[in-house]
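Here is the structure we will look at.
In structure tokens:
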């Protein structure tokens, strides 16, 4: 009897592994057909393009908050900040983002659901939807990065106020 239970358990686990492999393959196909990795790369590239402006705004705010003259920001300090912001914008590669997406996407979707989604994205209308999403993502990233810069000033001011409170004069 123990042998039969063991064989049944083994067969069930082999079936589950096969299902998981099939599911992962379908998710990898979805990444390929939808251009998810390409979209992540677009976001990384846009963040790198915006890094110098973000770095400058951060430094300007910090200098204002500590009472220093903004015109006296040393070029080496600005360069370091720009490098920092650029590095932060790409601490993950597009491939790493895609792998995280694969491991996170569709946990509540069945294999049939994934097949249907794949069929949609492989269809002409699905391909047009992908193109529309990729085009929108470029503009979306620019807008979000710009708005992040605008909203960052108050966040940095709050941080500087809290840091000053740690060392009252």
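In my numbering, the protein residues as written are 14 to 182.
For each residue, glycine too, the CB sits at the ideal point set by N, CA and C.
Going straight from the alpha carbon of residue i to that of residue j, what length do you get?
i, j, result
"residue 160", "residue 70", "12 Å"
"residue 29", "residue 92", "Note that residue 29 scores a pLDDT of 44, beneath 50, so its modelled location is shaky and nothing firm can be said."
"residue 177", "residue 171", "10 Å"
"residue 156", "residue 149", "11 Å"
"residue 64", "residue 50", "21 Å"
"residue 133", "residue 117", "20 Å"
"residue 104", "residue 54", "12 Å"
"residue 74", "residue 66", "12 Å"
"residue 86", "residue 95", "13 Å"
"residue 173", "residue 106", "31 Å"
"residue 88", "residue 112", "38 Å"
"residue 141", "residue 135", "10 Å"
"residue 33", "residue 125", "13 Å"
"residue 180", "residue 84", "26 Å"
"residue 151", "residue 56", "7 Å"
"residue 169", "residue 62", "21 Å"
"residue 128", "residue 158", "35 Å"
"residue 37", "residue 115", "7 Å"
"residue 60", "residue 165", "15 Å"
"residue 68", "residue 123", "45 Å"
"residue 41", "residue 90", "42 Å"
Under the rule that 16 or more other beta-carbon atoms within 10 Å means buried, what is residue i, buried or exposed?
i, result
"residue 98", "buried"
"residue 39", "buried"
"residue 154", "buried"
"residue 228", "Residue 228 lies beyond the range of the chain shown here (14 to 182); nothing can be said about it."
"residue 163", "exposed"
"residue 35", "exposed"
"residue 102", "buried"
"residue 121", "exposed"
"residue 145", "exposed"
For residue i, which of the options has the nearest alpha-carbon?
i, options, result
"residue 52", "165, 143, 72 and 101", "143"
"residue 147", "47, 136 and 42", "47"
"residue 44", "109, 137, 78 and 77", "109"
"residue 100", "58, 37 and 173", "58"
"residue 81", "72, 180 and 88", "72"
"residue 167", "77, 37 and 61", "77"
"residue 175", "62, 79 and 60", "79"
**OP:** Mind listing, in chain order, the continuous alpha helix (DSSP H) runs of no fewer than 4 residues lying wholly within the segment 95-127?
**Re:** Counting whole runs of 4 or more residues, the segment 95-127 contains the alpha helix (DSSP H) stretches 107-117.
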